[in-house]
Every structure is written in C-alpha cells, then in structure tokens.
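Contents: one structure, followed by commentary.
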Amino acid sequence: MKLAGKIVFITGASAGIGAACAQRFAQEGARLLLAARRMDRLEAMTPSLKQAGSPEVLNVALDVRYREQVQRVLDGLPEQWRAIQVLVNNAGLSRGLSKLHEGDIQDWEEMIDTNVKGLLYVTRAVVPGMIERGAGHVVNLGSTAAHLAYPNGAVYCATKAAEFRVTEGLRQEMLGTPVRVTTVDAGMVETEFSEVRFRGDKERAAKVYRDITPLQPEDVADAIVWAVTRPAHVNIAQVLMTTIDQANSLLFHRHKD
Ligand code: NAP
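All you need for the working numbering is the position in the sequence shown, starting with 1, plus 18.
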C-alpha cells in the first residue's frame, strides 16, 4: 500500500508517538491532517514534516473528549481534506497512580473521556467516509496495559482494555469492506506520557525509565507505518511490542538489578 498523496489523520500529533507518526508518514509522502489541543506545537512541526516529504499539512485544534467538537471539526474540513485514508487514534493519556479506593475521580473521567470516548467519537465520524470511498485503515493505540493490569493503574489499564475490544469489534464489523483495523499495543515508550501522568513532575517521570532502555516513539511509529503499508489484502490485527527490558505490564529488567 503506497501512501504518497494519501491523507493520514493523526490525533494527539503534538507530542510523543503521534508526533513520531507524523514524521514517519511524512517520509512516505502522505498528506498530514494533524490534531491536538496544542496548536503551537503542531504549527512548529510543519516545516520539518514538509522537509521530510509531506506535500501538505493541515493542523486542526481538537479536544477529542468533546463529541460536538469532533463532529464540527471533521464536518468543517475543506473538501480536499475529507478523503481520510488512514486514521491513527493516538490521543490518550494517563493521570495519577493510585489505588482504586483512593483514586481521584476527576482523573478517571479524563482518562475514560479521552482514551475511550474520544476514540469512539473520532472513529464514528471518520469510518463512514472510508466505507463510502471503499478505502481506509484505522490504527488504534493500545497498550500492554490492555492485556495485564498493573496495581495503581487499574483505570488506565481498563481504558486500554476497552480500546482492545472496540478495535476487535470494529475489525469484525468491517469484514466485507476494504477497511482495515489494527491495534498497536506498546509497552513502555519514552514520551511525555509519564510527565502528563505526574502532572509535570519531571523527576518522578524520569524514574519510570530508570535503568531501562525504553521503546522510543519512533519505534512505535515504525510499526504503525509497517502495518499500514502492507498490501491491501493484508490486515495486521495486532502489534504487541515492548523494549527488550520489558516482558509485560508488570515485569521489567532494570540494568542495575
Ligand atoms: P504524550 O507524549 O503525552 O502524547 C499524547 C498526545 O495526546 C499529545 O499529542 C496530546 O496533545 C494528545 N492528547 C491528550 N489528550 C488529548 C485530548 N483530549 N484531545 C486531543 N489530543 C489529546 O504520550 P504518548 O506516549 O505519545 O501517548 C500516545 C498514545 O500512546 C496514548 O494513547 C497512550 O495511551 C499510548 N501509549 C503510550 C505508551 C507509553 O509508554 N508512552 C505505551 C502504550 C501506549 P495535546 O496535549 O496537545 O492535546
């Protein structure tokens, strides 16, 4: 599957895995429709994306938690940006690490609204066009957390378990259409993820990656581009990937251990 000139829509493209995906898809010559809340970040990326090979970049301000906003942004796309070929449902976050019975309910709402409901809203708005045009690929960002929960992260893990089942259901529903559906389930990736989880506490965030060689966002972007560029009849259902220092959500090898 060649991506030159095709429209790739990435949510949460302003940082981490989403930003790395933008860069990798640019190298494939894709036109990039990039969404996030921080427009300044997106705008700052545009020159390097064009330099990497993207013929056109359109940045849109979008908070995936708001259903009407998602619909409005997608309905308001200029005609030449409507034929989305690839949707990367990447926008997501974790908040806090605490036992369920001590958890911050606002944190739960934010994770569920973003990781589950946001993914559903965007998918609902984009997939009908893919079916109509007879082409499309939905890639959802899952996690090793979908497959094995870790203590103090039950709600985040539950959002990724929900993503896994939503992806599985969608893939079954797309049978008989040319729309492909993939979940990319990564373990620990060094992004702003932990900083967001700990609300800007860089020191605490850095400890997450202590004495480990984590995956880099480029590693995940590489897997996503690989899945999307398989021949049209090949559907990569799931990519499950970790650093060599991680076996699952719970088991890590720290170099000094
Ligand atoms: P990151 O560096 O913090 O990037 C998260 C991106 O999501 C940012 O661009 C952020 O943009 C966007 N985002 C967050 N809330 C949003 C909202 N309400 N509306 C629109 N965009 C929103 O984290 P990351 O590690 O790249 O995470 C990307 C995805 O990978 C997430 O779904 C995460 O769960 C998943 N994942 C991460 C890891 C890991 O270890 N890092 C492992 C497995 C899976 P704005 O703040 O500008 O809106």
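Backbone N, C-alpha and C define an ideal beta-carbon position, used for all residues, glycine too.
What you are looking at is a predicted structure, and each value in this text was computed from that prediction instead of being measured.
1) Using DSSP with H/G/I as helix, E/B as strand and the rest coil, what is Ile-254?
2) Glu-191 to Gln-256, Cα distance in whole Å?
3) Run through the DSSP bridge pairs and tell me what Met-259 is partnered with.
4) Identify, in the order they occur along the chain, each residue of the same chain with its Cβ nearer than 7 Å to the Cβ of Tyr-174, setting aside the five sequence neighbours on each side.
5) Can we count Glu-236 as close to ligand 1, meaning its CB is less than 6 Å from some heavy atom?
6) Assess contact between the stretch 157-172 and the stretch 197-210, defined as three or more Cβ pairs (one per stretch) separated by less than 8 Å. Is contact present?
7) Rounded to whole angstroms, what's the CA-CA distance from Asp-131 to Tyr-139? Just pull it up for me.
8) Output the distance between the C-alpha atoms of Ala-31 and Ala-37, rounded to the nearest integer angstrom.
9) Check the DSSP bridge columns for Ser-32 and list the partner residues they point to.
10) Determine the direct distance from the alpha carbon of Glu-213 to that of Arg-85, and round the result to whole angstroms.
11) For Asn-77 versus Leu-60, is the C-beta distance shorter than 7 Å?
12) Tell me the DSSP secondary structure of Phe-182 in three-state form.
13) I want to check one thing, is the minimum distance from the CB of Met-129 to the heavy atoms of ligand 1 below 6 Å?
The structure says:
1) Correct three-state label for Ile-254: coil.
2) Each residue's alpha carbon lies about 16 Å from the other.
3) Ala-204, per the DSSP bridge assignment.
4) Taken in chain order, the residues that qualify are Ser-112, Met-129 and Ala-163.
5) Flag unset: Cβ of Glu-236 not near ligand 1.
6) Yes: at least three Cβ pairs fall under 8 Å.
7) Going by the C-alpha atoms only, they are around 10 Å apart.
8) Cα-Cα distance, rounded: 5 Å.
9) Beta-bridge partners of Ser-32 (DSSP): none assigned.
10) Rounded to whole angstroms, Arg-85 to Glu-213 spans 26 Å at the Cα level.
11) Their beta carbons are under 7 Å apart, which means Asn-77 touches Leu-60 by this criterion.
12) Here DSSP, grouped into helix, strand and coil, assigns Phe-182 to helix.
13) Outside the cutoff, so no.
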